[in-house]
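Read through the structure below, which is laid out as structure tokens, and then see the notes.
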Amino acid sequence: MTFDNIFNLLNGSWSISRQIINYKERQRSPTATGTAVFHRQSNTASLLHENVTVDWANGSTSLATKSYLFEKNDNSLLQYRFDIPINLLKTKQLDQTIMSEKILMHRLLFHKNKSTLHSDSLHYCGMDKYKLSFKILSQDNFLMNYHIHGPFKNCYINTVYTRILKDT
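Going by the working numbering, the letters in the sequence shown line up with residues 140 to 307, in that order.
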């Protein structure tokens, strides 16, 4: 599968179901639900923007957003995050200021594994390491699962993305 196929497959709106399993605390884990939108920026870039509601273990809720940029690079897909709070859903475009503040998180090299496309990657944030497992299960489902381990964090973040089908 080519990167154009992957970008075309990911383009569109997705529902999110996320579970955060914190191994340092022996209590109910927080969950998050919401939506994600992939916006194609160019032939080589696509922007993922998420809006979720987090249900915390203590019964409170909060809203959270995050954005990632995915870019083609040779035989890999690069995933960037941003350190500044931005609302990209209004413009659906990145400006040059934002582009200069992106931080490389993961280099994804997809491999065919039975009927899925799969990539594993590792990113260090200080002394904590973030292992990403990215699986494209079908045209309507993909997973991004993180195992975060180190002196400050010890958790799994499991996220299921399901395509939001438009009414016909």
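Beta carbons: idealized from backbone N, C-alpha and C, even for Gly.
{"Asked": "Could you have a look at L149 and say whether DSSP puts it in helix, strand or coil?", "Found": "helix"}
{"Asked": "Return the CA-CA distance between S168 and S199, expressed in angstroms with no decimal places.", "Found": "12 Å"}
{"Asked": "Does the beta-carbon of Q278 have 16 or more other beta-carbons within 10 angstroms, so that it is buried, or is it exposed?", "Found": "exposed"}
{"Asked": "Quick check: the stretch 283–290 against the stretch 172–182, are at least 3 beta-carbon pairs closer than 8 Å?", "Found": "no"}
{"Asked": "Which two residues bound the contiguous beta strand (DSSP E) that contains S181?", "Found": "No beta strand (DSSP E) holds S181; DSSP gives it neither H nor E."}
{"Asked": "Between which two residues does the beta strand (DSSP E) containing Y162 stretch?", "Found": "Looking at the DSSP string, Y162 is not in any beta strand (DSSP E), and its letter there is neither H nor E."}
{"Asked": "If you draw a straight line from the C-alpha of I145 to the C-alpha of T192, how long is it?", "Found": "27 Å"}
{"Asked": "L187 and Y207: beta carbons closer than 8 Å?", "Found": "yes"}
{"Asked": "What would DSSP say about N197, mapped onto helix, strand or coil?", "Found": "coil"}
{"Asked": "Excluding five sequence neighbours on each side, which residues of the same chain lie with their C-beta closer than 6 Å to the C-beta of Q218?", "Found": "Y207, F209, M244 and H245"}
{"Asked": "Measuring alpha carbon to alpha carbon, tell me which residue in T298, S260 and S201 is nearest L271.", "Found": "S260"}
{"Asked": "From the DSSP output, in three-state form, read off N144 for me.", "Found": "helix"}
{"Asked": "Let's test the definition: count the other Cβ atoms within 10 Å of the Cβ of I275 and tell me whether it reaches 16, buried, or not, exposed.", "Found": "buried"}
{"Asked": "What's the gap between the Cα of V299 and the Cα of S156?", "Found": "5 Å"}
{"Asked": "CB F273 to CB S258, shorter than 8 Å?", "Found": "yes"}
{"Asked": "Whose CA, out of I303, R302 and I287, lies closest to the CA of I296?", "Found": "I287"}
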